[in-house]
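Presented below is the structure to which this report refers.
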Amino acid sequence: MKKNKNNKQLWLITSKADAQFTLDLLLQDADRHNLEKGIHAFLGKLKNPRVNDLFEHYPELLQEYGLEETLTGNAAIAGSSVAEIKTAGLLSCFQAILLFCADLKAHPGNDRQQRDMLQYMLKSIVCGDFVSEILQMVVGVVGADYYASFRNKTDSLGPDPEEIYKLENDPELQEHLDLMAWFCLVRVFLESAYVCYGAMEGGGK
């Protein structure tokens, strides 16, 4: 995928130490399960059987069309729109990055091929673009008004646990709160993976 040199994303992960610490946390069983479960929850809310089918058959599509063509949605797959191919490609790529990182954490230094494949995936799309594309997909599901309300309420959130409790129980946010929480985890996970495996474009050092 073509890299966007004008991407202005502010990185949340600012050092390799931060990245390694975050990966160690997010790759523990519970958080890793939440990241994986979030993919399927997103697909459920998307309510597009074609995207589900593409996602389930992504390994075969990857072999036939290649990573870049599926990430951009330019693969000529009959009966599928560019947006459907791109959505399935991005979610599948994220899932693969998650699995590769988990395997490398469990068996550090033992599988050069897996590390090379992970770095190939990371270098196929700029981190800022990856995060932005997933955010656009999420906003497409939750709606612009919901997202604006979520941003407004979280941007003004203080450290008081009572404020966090109120947010978690805000009736206006309940419908998609789990999906937004998943996206936040996706963002910090991706930034950490890019920093740890040397494929960042302006992140931590």
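Taking this note's numbering, the leading residue of the sequence shown gets 807, the next gets one more, and so forth. Even glycine gets a Cβ: it sits at the ideal position worked out from N, Cα and C.
Tell me which same chain residues have a C-beta within less than 7 Å of the C-beta of S886, skipping the five on either side of it? Closer than 7 Å at the Cβ level, and outside the excluded window around S886, lie R856, L860.
Is it the case that the Cβ atoms of C1002 and Q826 are separated by a distance below 7 Å? Their beta carbons are under 7 Å apart, which means C1002 touches Q826 by this criterion.
Rounded separation between D951 and R993 - CA only: The alpha-carbon of D951 is positioned some 21 Å away from that of R993.
Determine the closest residue to L867 out of K892, N854, Y971, with distance taken between C-alpha atoms. Between L867 and the set K892, N854, Y971, the nearest pair of CA atoms involves K892.
Would you mind reading off the limits of the alpha helix (DSSP H) that contains G934? Per DSSP, G934 is one residue of the alpha helix (DSSP H) stretching across 933 to 948.
Any idea what DSSP makes of K843, helix, strand or coil? The answer is helix: DSSP assigns K843 an H, G or I state.
Do you know whose CA, among D909, D984, L905, E870, lies nearest V948's CA? Between V948 and the set D909, D984, L905, E870, the nearest pair of CA atoms involves D984.
Can you tell me where the alpha helix (DSSP H) holding E978 begins and where it ends? No residue range can be given for E978, since it is assigned to no alpha helix (DSSP H) and is classified by DSSP as neither H nor E.
Consider the Cβ of I891: report whether some Cβ of chain B lies at a distance smaller than 7 Å. Among the chains of the structure shown, chain B does not appear; only one protein chain is present.
Quick one, are the C-beta atoms of L928 and Y1000 less than 7 Å apart? Result yes, Cβ atoms of L928 and Y1000 sit closer than 7 Å.
Consult DSSP for Y864 and reduce its assignment to one of helix, strand or coil. If DSSP states are grouped into helix, strand and coil, Y864 belongs with the helices.
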